[in-house]
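In order, the protein sequences belong to chains E and S.
For the first sequence, position 10 (counting from the first letter as 1) is numbered 10 according to the working numbering, and the numbering increases by one without interruption.
Start counting at 1 in the second sequence, then tack on 1000, and there's your number in the working numbering.
Working notes, structure below.
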Amino acid sequence: MRPAARFAAGFPKTGNRFDSGEAMAAISLSKLNKHYGSLFHAVKDVDLEIADKEFVALVGPSGCGKSTTLRMIAGLEDITSGDIRIGNKVVNHLPPRDRDVAMVFQNYALYQHMSVYDNLAFGLRNKKTPEAEIRTAIDRAAGMLGLHDLLQRKPKQLSGGQQQRVALGRCIVRNPQVFLFDEPLSNLDAKLRAQMRIEIKRLHAEIPTTSVFVTHDQVEAMTLGDRVVIMRDGRIQQIGTPLQVYGKPANKFVAGFIGAPAMNFIDVNVRSAAGVTSVEAEGLRLTIGPADAAALAIHSGRRVIMGMRPEHLSLGAGAPGLGFDAHVEVVEQLGSEILLETRVGNASITAARVPAETAIARGDQVRLSAQAGRLHFFDPETELPIS
Amino acid sequence: MFGEQQRFVLLLIAPAALLLLLFQVVPIVIGANASFRDWALYNPKKTWIGFDHYVAVITDPAFLYVVLPNTFLFMVLSVAGALVAGLALALLLNRPFRGQKLVQTILLVPLMVAPVIAAIMIRWIFNDQFGIVNVVLEAIGLEGQPWLVQRWSAFGIILLTDIWLWTPWFTLLLLAGLQSLPKEPFEAAAIDGTTTWRVFRYLTLPMLRPVIVVCVVIRAIDAFRTFDIVWTLTGGGPGRSTELFSLYAYVHAFLNLDLGRGSAAAIIGGLVILVIGVVLYRLVDRIAKA
């Protein structure tokens, strides 16, 4: 039997929320604020609607307020102002235990002196669940996470990945309305992180539960989230599907934050003459297609910021008016492709997706070309997109 | 013979080693030597008598049925009492409240009082004629008690004094222990819907266990050799009913001036505490590794 099917058959007496048709667990944050003292305003007017069973990733650089937001949803931090609703119920001042949420912490937060089994059982024993039911629930969770052989061990005897699986299991057995993840993969090495990412994705498919996942790693956010919320300095910058935030970034910050390697930004001057709009920088002159030209025309004669994603640059002449010469400074051979660090005038431009077999060396002069319609333009003052 | 580094290391250790030798090892050797001799101040011949003193101490009914039980009872109750009170205060102080720092400082006051002075204060408080306790009792119509001249009330007052003196020490160490515990398991427990009692029973206590055990070991060994407060409060009386081990050795050596007998008692006590220490340390080791 597939794990999902086994799980769906589970929790006979504790009552499976999805079967019993209990309230939907949508989360709604409105005008949420958090001050620490009078000086530090950690979260500023956050508005966010998370649908039932949706997986939302909160992403941003350290100190952007994403963890604080999550901890306010969990009830571990007081809120300064605003409202938090879980399943249409205002939970602003409810203690964590009355919010029916489960949380996975960055450093696992397992009870070190208890066996894995007791760790998993702890939350259920709090609710005085009969031991027989606890055993059934743990058995199922352990099956999904491959923990059967580890149940009698202490957390200390487990690897980081195993410990984080136990932490996931501790959440699953409780069958809560909401899963909260606070950078759960940050303490794992790169390979394990990729594995656990898939594991979490699979779990969410098997047990669809409203989830909020906080991370500073945009790859995790993009791969896991149904929607991605990008935060910076306590404010939400953009909310959207991975494709939306990648393709239509709401500002220069989002454009630079999402995507790896990061987007190239070049200061360019807009020139509009004889119905042809072009942008110029030292060593670079690109003709802008009709889609962007209209918006750019009004900036004619002014400086704007052009964004080019490294993966949208290719080697060779390309379309007319979109090529430029670049001086190769660093060649990063990845095996599957080459990353080129190049210099064009004063700007340094990264190009990805150069075929791995290309014969290219530091100091070479190459022709790069941008893809029509894949250029981004930002107002240098507001950093908002020009479109 | 030694490399340069070893010589340097030895040089650094030398002063401490010398002090240790002069003030610890030599006196112990002298004391051990004395314990095998008939060595009283009025009989300075120091005749070698083997284990006679040891046999005398071990077969002394006062030692067996009063001093030894008193010592162990005192050790267990004093440590347990101060531990419970200290833990309660540490838990209280571990949560922020207005004036927390002030309360914390005030609670440390007993640590700054010399035990002898504390004992003198307590002796006056419980004095049967002038003590404040009896004054208060009589004022509310109860009968004053001769607190320090009845065995169990005297013993209780000694205990109370010791617990009062040592509670801040437990509080200080346990509070430091509490504050060094990781926050996340407690947050996880809060989200898991754990009651305060279950958090204390299944998280705080087990996580604090290594600190508790170390405190208990240090204090237990220390309590075994308590002298000053008993000496000041009751002098071991009434009769010899509140005599602890160190008083027993002291009385034999310096009041009866039987240095041999006193030394033998001290050595026996040393051996007892050695055994207790080893057992307790084993326990610490086991618990720390668990």
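The C-beta atom is built at its ideal place from N, Cα and C for all residues, glycine as well.
Could you tell me whether the Cβ of residue i comes closer than 9 Å to any Cβ of chain E?
i: residue 1193(S); result: yes
Cβ of residue i less than 9 Å from any chain S Cβ?
i: residue 98(E); result: yes
i: residue 107(E); result: yes
i: residue 122(E); result: yes
i: residue 388(E); result: No information on residue 388(E) is available, as it lies outside the stretch 1 to 387 that chain E covers here.
i: residue 285(E); result: no
i: residue 170(E); result: yes
i: residue 61(E); result: no
i: residue 380(E); result: no
i: residue 368(E); result: no
i: residue 261(E); result: no
i: residue 95(E); result: yes
Strictly below 8 Å CB to CB, what residues from chain S border residue i?
i: residue 76(E); result: 1187, 1190 and 1191
i: residue 399(E); result: Here chain E covers residues 1 to 387 and nothing more, so residue 399(E) does not appear.
i: residue 174(E); result: 1192
What does DSSP give as the partner residues of residue i in its beta bridges?
i: residue 231(E); result: 236(E)
i: residue 210(E); result: 178(E)
i: residue 1008(S); result: DSSP, once it has assigned bridges, lists no residue as partnering residue 1008(S).
i: residue 40(E); result: 36(E)
i: residue 266(E); result: 306(E)
i: residue 277(E); result: 272(E)
i: residue 366(E); result: 326(E)
i: residue 1020(S); result: Note: residue 1020(S) sits in no beta bridge, so no partner.
i: residue 350(E); result: 341(E)
Against residue i, what residues of chain E qualify as contacts under a CB-to-CB distance less than 7 Å, listed in chain order?
i: residue 1184(S); result: 105, 107 and 109
Determine the chain S residues that contact residue i at a beta-carbon separation under 9 Å, and present them in chain order.
i: residue 126(E); result: 1189, 1192, 1193, 1194, 1195 and 1198
Quick check on residue i: buried or exposed, where buried means 16 or more other Cβ atoms within 10 Å of its Cβ?
i: residue 1068(S); result: buried
i: residue 22(E); result: Per-residue confidence for residue 22(E) stands at a pLDDT of 49, beneath the threshold of 50, marking its modelled position as unreliable; no derived number is given.
i: residue 210(E); result: buried
i: residue 1182(S); result: exposed
i: residue 1246(S); result: buried
i: residue 1002(S); result: exposed
i: residue 385(E); result: buried
i: residue 1197(S); result: exposed
i: residue 307(E); result: buried
i: residue 148(E); result: exposed
i: residue 1121(S); result: exposed
i: residue 100(E); result: buried
i: residue 1264(S); result: buried
i: residue 356(E); result: exposed
i: residue 68(E); result: buried
i: residue 1136(S); result: exposed
i: residue 1(E); result: Low per-residue confidence applies at residue 1(E): pLDDT is 38, beneath 50, and the placement is therefore not dependable enough to give any value.
i: residue 1112(S); result: exposed
i: residue 1202(S); result: buried
i: residue 1174(S); result: buried
i: residue 40(E); result: exposed
i: residue 243(E); result: exposed
Members of the region 1194 to 1208 of chain S that neighbour chain E once the beta carbon cut-off is set at 9 Å: So the close ones are 1194, 1195, 1198, 1202, 1203, 1206 and 1207.
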